[in-house]
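The structure under discussion appears below in the form of structure tokens.
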Amino acid sequence: MSLRLVTVEWDDPRAAALRDAMNAETSAMYEVFTAGNSAEVNAAIDDALAVDAADIVHTVLALDGDEPVGHAALRPFERELEVKKVFVTPTARGRGISRALMLELEAVARERGVASLVLQTGPLQVAAIALYLSLGYEQIPAFGKYGVIANALCYRKRLE
Numbered sequence: 001m002s003l004r005l006v007t008v009e010w011d012d013p014r015a016a017a018l019r020d021a022m023n024a025e026t027s028a029m030y031e032v033f034t035a036g037n038s039a040e041v042n043a044a045i046d047d048a049l050a051v052d053a054a055d056i057v058h059t060v061l062a063l064d065g066d067e068p069v070g071h072a073a074l075r076p077f078e079r080e081l082e083v084k085k086v087f088v089t090p091t092a093r094g095r096g097i098s099r100a101l102m103l104e105l106e107a108v109a110r111e112r113g114v115a116s117l118v119l120q121t122g123p124l125q126v127a128a129i130a131l132y133l134s135l136g137y138e139q140i141p142a143f144g145k146y147g148v149i150a151n152a153l154c155y156r157k158r159l160e
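Quick note: the sequence shown uses the UniProt record's numbering, first residue 1, plus one each step.
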């Protein structure tokens with residue numbers, strides 16, 4: 001594996017393709033939770049999970065050679081930065097790529113003088129939760145719009 005992390009724009013086509021793959025995977029995974037919701041509740045969940053490209057301050061891709069295998073991004077949330085769209089392709093999982101992406105985001109946040117990172121995930125993403133805990137993230141109450149998601153799990157890591 002010749003892993004490289006590169007900074008790209010949010011609209012980089014490789015980044016967009018990885019986000020599309022992530023959205024397809026997680027939508028199918030969490031369909032059991034949203035199937036019985038009203039249209040209004042699902043619209044609120046979609047709004048909470050939406051990302052405005054204008055809000056993104058950093059996007060990183062993991063490349064194995066020239067192949068994009070991972071993605072992560074940051075956007076502001078109050079005085080913190082929020083981790084968004086951490087994803088590794090299924091064939092590249094188990095090789096430490098998510099950890100490398102997270103450590104890169106932490107380094108970017110420190111360079112920007114940000115004291116902590118926050119993130120949201122769901123209970124079915126067991127490997128992601130284990131990674132976040134191993135990196136020192138602590139569970140916090142749902143923040144921002146994530147309160148509308150009944151099974152939202154939110155975490156914070158202080159970087160100081």
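By construction, the Cβ of each residue, glycine as well, lies at the ideal position given by its N, Cα and C atoms.
Per DSSP, reduced to three states, the secondary structure at residue 135 is coil, with no helix or strand assignment.
Sequence-distant partners of residue 65 (beyond 5 residues in either direction) whose C-beta falls short of 8 Å from its own C-beta, in its chain, are 2. By the criterion of a C-beta distance shorter than 8 Å, residue 159 is surrounded in its chain by 106, 109, 110, 114, 115, 116, 117, once the five residues flanking it on both sides are discounted. Look at residue 86 here: in three-state DSSP terms it is strand.
Classified as exposed, residue 17 has fewer than 16 neighbouring CB atoms from the shown chains inside 10 Å of its CB. Look at the UniProt domain "N-acetyltransferase" (16 to 160) and you find these whole runs of alpha helix (DSSP H), each 4 residues long or longer: 39 to 49, 97 to 111, 126 to 134. Distance from the CA of residue 124 to the CA of residue 32, rounded to the nearest whole angstrom, comes to 11 Å. Counting only the Cα atoms, residue 68 lies some 11 Å from residue 19.
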